[in-house]
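Participant: FYI, UniProt numbering numbers position 119 of the sequence shown as 119, with every residue one higher than the one before it. Yeah, the Cβ is synthetic: ideal placement off N, Cα and C, and Gly gets one too. Take a look at this one; I'll ask things after.
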Amino acid sequence: MTDKLIIFDTTLRDGEQSPGASMTRDEKLRIARQLERLKVDVIEAGFAASSNGDFEAVQLIANTIKDSTICSLSRANDKDIARAAEALKGANRARIHTFIATSALHMEKKLRMSPDQVFEQAKQAVRFARNLVEDIEFSPEDGYRSDPDFLCRVLEAVINEGATTINVPDTVGYAIPELYGNFLLDLRTRIPNSDKAIWSVHCHNDLGMAVANSLAGVKIGGARQVECTINGLGERAGNCSLEEIVMAVKTRRDYFNLELGIDTRHILAASRMVSQTTGFVVQPNKAVVGANAFAHASGIHQDGVLKARDTYEIMRAEDVGWTANKIVLGKLSGRNAFKQRLQELGVQMESEAEINAAFTRFKELADRKSEIFDEDILALVSEETVLHDKEQYAFVSLSQHSETGERPEASIVFTVDGKEVKGQSEGNGPVDASLKAIESHVKSGAEMVLYSVNAISGSTESQGEVTVRLQNSGRVVNGVGADPDIVVASAKAYLSALNKLQSKADRVAAQG
Ligand code: KIV
Ligand code: ZN
Numbered sequence: 001m002t003d004k005l006i007i008f009d010t011t012l013r014d015g016e017q018s019p020g021a022s023m024t025r026d027e028k029l030r031i032a033r034q035l036e037r038l039k040v041d042v043i044e045a046g047f048a049a050s051s052n053g054d055f056e057a058v059q060l061i062a063n064t065i066k067d068s069t070i071c072s073l074s075r076a077n078d079k080d081i082a083r084a085a086e087a088l089k090g091a092n093r094a095r096i097h098t099f100i101a102t103s104a105l106h107m108e109k110k111l112r113m114s115p116d117q118v119f120e121q122a123k124q125a126v127r128f129a130r131n132l133v134e135d136i137e138f139s140p141e142d143g144y145r146s147d148p149d150f151l152c153r154v155l156e157a158v159i160n161e162g163a164t165t166i167n168v169p170d171t172v173g174y175a176i177p178e179l180y181g182n183f184l185l186d187l188r189t190r191i192p193n194s195d196k197a198i199w200s201v202h203c204h205n206d207l208g209m210a211v212a213n214s215l216a217g218v219k220i221g222g223a224r225q226v227e228c229t230i231n232g233l234g235e236r237a238g239n240c241s242l243e244e245i246v247m248a249v250k251t252r253r254d255y256f257n258l259e260l261g262i263d264t265r266h267i268l269a270a271s272r273m274v275s276q277t278t279g280f281v282v283q284p285n286k287a288v289v290g291a292n293a294f295a296h297a298s299g300i301h302q303d304g305v306l307k308a309r310d311t312y313e314i315m316r317a318e319d320v321g322w323t324a325n326k327i328v329l330g331k332l333s334g335r336n337a338f339k340q341r342l343q344e345l346g347v348q349m350e351s352e353a354e355i356n357a358a359f360t361r362f363k364e365l366a367d368r369k370s371e372i373f374d375e376d377i378l379a380l381v382s383e384e385t386v387l388h389d390k391e392q393y394a395f396v397s398l399s400q401h402s403e404t405g406e407r408p409e410a411s412i413v414f415t416v417d418g419k420e421v422k423g424q425s426e427g428n429g430p431v432d433a434s435l436k437a438i439e440s441h442v443k444s445g446a447e448m449v450l451y452s453v454n455a456i457s458g459s460t461e462s463q464g465e466v467t468v469r470l471q472n473s474g475r476v477v478n479g480v481g482a483d484p485d486i487v488v489a490s491a492k493a494y495l496s497a498l499n500k501l502q503s504k505a506d507r508v509a510a511q512g
């Protein structure tokens with residue numbers, strides 16, 4: 001007899017809280033579609049009350065995604081909960097996830113509330129939410145550092161009020177696997193109505209143990225829901241990574257004996273999409289989705305794998321979306337081949353007109369670059385989304401001059417709300433000159449805190465993918481741009497970051 005392990009993805013909420021990882025509404029929808037393709041059980045689409053932008057993103061995802069449950073986070077107050085319910089109205093299956101901190105530290109220093117006040121507010125919040133939606137998740141924030149007696153009191157009460165999932169967050173990533181597993185087991189054993197709810201784990205990765213702690217919560221503690229994010233995206237060191245926990249449970253089915261609904265063949269596309277959208281590069285040695293995850297460099301390993309794959313491989317690369325011997329597209333590839341590759345990559349375009357626009361850009365790229373890899377197509381599609389979003393700033397053209405011994409100069413044309421403008425500047429190098437040329441017009445005053453270039457497919461022929469991180473008035477955003485010319489890629493990344501700064505301007509800081 002096997003149980004099902006529910007996969008709750010919070011890339012679009014907790015993942016997006018990572019400094020710089022903010023996404024536009026359409027980017028979120030694209031990722032949500034990929035999560036649906038992955039057959040994620042629950043998608044936490046955002047924190048509806050935190051901003052109008054988040055509300056709209058949750059609403060759009062709720063109205064579009066049909067197979068997964070759509071969830072919105074909400075503080076434990078009526079106003080937030082009502083806003084979450086409003087955003088979720090169009091969902092086939094809706095969940096409200098309400099939370100309040102329960103550790104002595106958080107209650108005293110952050111909330112300035114007594115334990116009795118927190119107890120009452122938690123109960124009241126779940127009671128209110130339960131009148132709006134049937135599926136209610138409750139999280140005691142900083143749960144793992146909370147007094148177990150107090151936690152038992154709160155959790156028993158919220159289950160009585162109708163909470164259907166109880167999530168125990170290790171908000172600050174302080175847990176150790178065995179201790180966390182037993183903490184959960186202890187709660188479940190002591191709370192008389194614990195069997196009326198599904199128990200869930202939510203582990204942060206500050207000590208690099210988010211996946212291990214989550215697995216212990218499942219194995220020892222009896223949790224049947226795991227909260228996780230693609231690539232482990234999330235605040236500080238991130239969250240439990242979806243690809244790792246899913247493949248651990250699937251590969252070691254002999255040990256966990258749990259069913260998963262996930263279609264793992266879409267994992268790699270999801271990882272690339274999230275990385276390209278947020279500009280958070282996946283390290284090459286990252287488990288499951290890193291470029292080296294299935295590469296065998298040593299002669300002994302290569303020899304072994306050629307004789308019998310399972311000598312050094314515990315998973316099949318194709319089971320997580322790595323495909324061998326795939327035909328590389330190029331100048332002669334037709335619209336059908338392009339469309340089919342989009343489908344294989346899990347990219348869904350809204351209309352034939354959108355496919356045509358992307359295909360035109362594909363052809364332009366193929367004129368400049370002989371082989372078009374999957375990474376190129378995903379980068380192109382990301383840019384297409386930006387254009388489709390009708391962002392405030394969009395790149396048009398750039399010319400720059402640099403010569404040994406001369407100070408580089410750049411002149412750039414871009415649009416502001418559809419109207420073309422021109423900027424000019426000198427700089428320390430061609431990239432510096434180009435970005436200063438943009439600033440000469442925009443005057444954002446933003447500080448650049450990160451600039452990185454990555455060759456999308458490894459060689460000098462490939463497109464450069466640039467990430468620019470900007471900071472302004474306490475807001476941090478990442479912009480990503482790709483082009484065979486890295487100066488152009490840098491300008492695109494800079495404009496994309498400016499767009500994100502703009503769209504984040506009205507957002508209040510989410511907690512948790
Ligand atoms: O880490 C945390 O405590 C959270 C909660 C809001 C679930 O993200
Ligand atoms: Zn969290």
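Ignore the nearest five residues each way along the sequence and tell me which others in LEU5's own chain have a CB closer than 8 Å to its CB.
Facilitator: VAL218, ARG224, GLN225, VAL226, VAL249, PHE256, LEU258, GLU259 and LEU260
Participant: Just to confirm the assignment, what range does the alpha helix (DSSP H) spanning residue 514 have?
Facilitator: The structure shown has nothing for residue 514, since the chain only spans 1 to 512.
Participant: What is the rounded straight-line gap between the Cα of ASP206 and the Cα of ARG475?
Facilitator: 22 Å
Participant: Going by C-alpha distance, which of LEU185, TRP199 and LEU155 is nearest THR165?
Facilitator: Taking only the C-alpha atoms, the option nearest THR165 is TRP199.
Participant: By Cβ distance, which residues of its chain are closer than 6 Å to ILE159, with the 5 residues on each side in sequence left out?
Facilitator: Only ASN193, LYS196 and ALA197 meet the Cβ criterion.
Participant: Enumerate in chain order the residues of its own chain whose CB-to-CB distance from ILE372 is below 8 Å, with the five nearest sequence positions on each side excluded.
Facilitator: VAL328, LEU329, GLY330, SER333, PHE362, LEU365 and ALA366
Participant: Give me the Cα-Cα distance between GLY221 and LEU185, rounded to the nearest whole angstrom.
Facilitator: 4 Å
Participant: I'd like to confirm something about GLY427: is its beta-carbon nearer than 8 Å to some heavy atom of ligand 2, or not?
Facilitator: The answer is no for GLY427.
Participant: Do the stretch 235 to 247 and the stretch 280 to 299 touch if we need at least three Cβ pairs shorter than 8 Å?
Facilitator: yes
Participant: Determine the direct distance from the alpha carbon of GLU461 to that of SER370, and round the result to whole angstroms.
Facilitator: 8 Å
Participant: Taking the alpha carbon of MET247 as the reference point, which residue from ASN213, MET315 and ASP432 has its own alpha carbon closest?
Facilitator: MET315
Participant: Which residue from HIS106, ASP41, GLU344 and LEU132 puts its Cα closest to that of ASP80?
Facilitator: Nearest option by C-alpha distance: LEU132.
Participant: With GLY208 as the anchor, note down where its beta strand (DSSP E) starts and where it stops.
Facilitator: GLY208 -> no beta strand (DSSP E), and no H or E assigned at all.
Participant: According to DSSP, GLN471 sits in a beta bridge with which residue or residues?
Facilitator: GLU447 and VAL476
Participant: Just the Cα atoms here: how many angstroms apart are residue 516 and ARG272?
Facilitator: The question about residue 516 has no answer, for the chain in this structure spans 1 to 512.
Participant: Report yes if the C-beta distance between GLU36 and ILE65 is below 9 Å; otherwise report no.
Facilitator: yes
Participant: Here's the rule I'm using: 16 or more other beta-carbon atoms within 10 Å means buried, otherwise exposed. How should ASP506 be labelled?
Facilitator: Reliability of the predicted coordinates at ASP506 is poor, the pLDDT of 47 falling under 50, and the value obtained from them is presented with this limitation in mind. With fewer than 16 other Cβ atoms within 10 Å, it is exposed.
Participant: Tell me whether THR229 is buried or exposed, calling it buried when 16 or more other Cβ atoms sit within 10 Å of its Cβ.
Facilitator: Its Cβ being crowded by 16 or more others within 10 Å, THR229 is buried.
Participant: Considering Cα atoms alone, identify which of ALA317, GLU120 and SER22 is closest to SER496.
Facilitator: Nearest C-alpha to SER496 among ALA317, GLU120 and SER22: SER22.
Participant: For LEU155, which residues from the same chain have a beta carbon less than 6 Å from its beta carbon, with the 5 sequence-adjacent residues on both sides left out?
Facilitator: ILE166 and ILE191
Participant: For LYS250, which beta-bridge partners are listed by DSSP?
Facilitator: DSSP lists no partner for LYS250.
Participant: What separation, rounded to the nearest whole angstrom, lies between the Cα atoms of ALA509 and PHE47?
Facilitator: Since pLDDT at ALA509 reaches only 41, below the 50 mark, its modelled position is unreliable, and the value read off the structure follows with that caveat. Near 10 Å, if we compare the C-alpha coordinates of PHE47 and ALA509.
Participant: Three Cβ pairs or more, each shorter than 8 Å: is that satisfied between the stretch 47 to 56 and the stretch 121 to 139?
Facilitator: Verdict: no, contact absent.
Participant: Roughly how many angstroms separate the alpha carbons of ASP14 and VAL126, rounded to a whole number?
Facilitator: 21 Å
Participant: Here's a check: name, in chain order, each residue in its chain whose Cβ is nearer than 8 Å to the Cβ of SER397, leaving out the five neighbours to either side.
Facilitator: ILE412 and VAL413
Participant: Ends of the alpha helix (DSSP H) at ARG95?
Facilitator: Where ARG95 is concerned, there is no enclosing alpha helix (DSSP H), although the beta strand (DSSP E) it sits in stretches over 94 to 101.
Participant: Return yes when the Cβ of PRO115 is within less than 9 Å of the Cβ of GLU141, no when it is not.
Facilitator: no
Participant: Just checking PRO169 against ligand 1 - is the residue's beta carbon closer than 8 Å to any of the ligand's heavy atoms?
Facilitator: yes
Participant: Looking at ligand 1, does it come within less than 8 Å of residue 586, judged from the CB to the closest heavy atom?
Facilitator: Only positions 1 to 512 of the chain appear in the structure, and residue 586 is not among them; the question remains open.
Participant: Hey, would you say SER425 sits closer than 9 Å to LYS443, going by beta carbons?
Facilitator: Contact flag unset, no.
Participant: Excluding the 5 residues flanking GLY445 on each side, which residues of the same chain have their C-beta closer than 8 Å to its C-beta?
Facilitator: ASN472
Participant: Considering ARG396, what are the terminal residues of the beta strand (DSSP E) in which it resides?
Facilitator: According to the sequence shown, residue 396 is Val rather than Arg. Run containing VAL396: 393 to 401, per the beta strand (DSSP E) assignment.
Participant: For GLU465 and ASN454, what's the separation of their Cα atoms in angstroms?
Facilitator: 5 Å
Participant: Would you kindly check if the distance between the Cβ of GLU391 and the Cβ of ASN499 is under 9 Å?
Facilitator: yes
Participant: What did DSSP end up calling GLY234 once you bin it into helix, strand or coil?
Facilitator: coil
Participant: Using the Cα positions of THR171 and VAL274, report the straight-line distance between them to the nearest angstrom.
Facilitator: 22 Å
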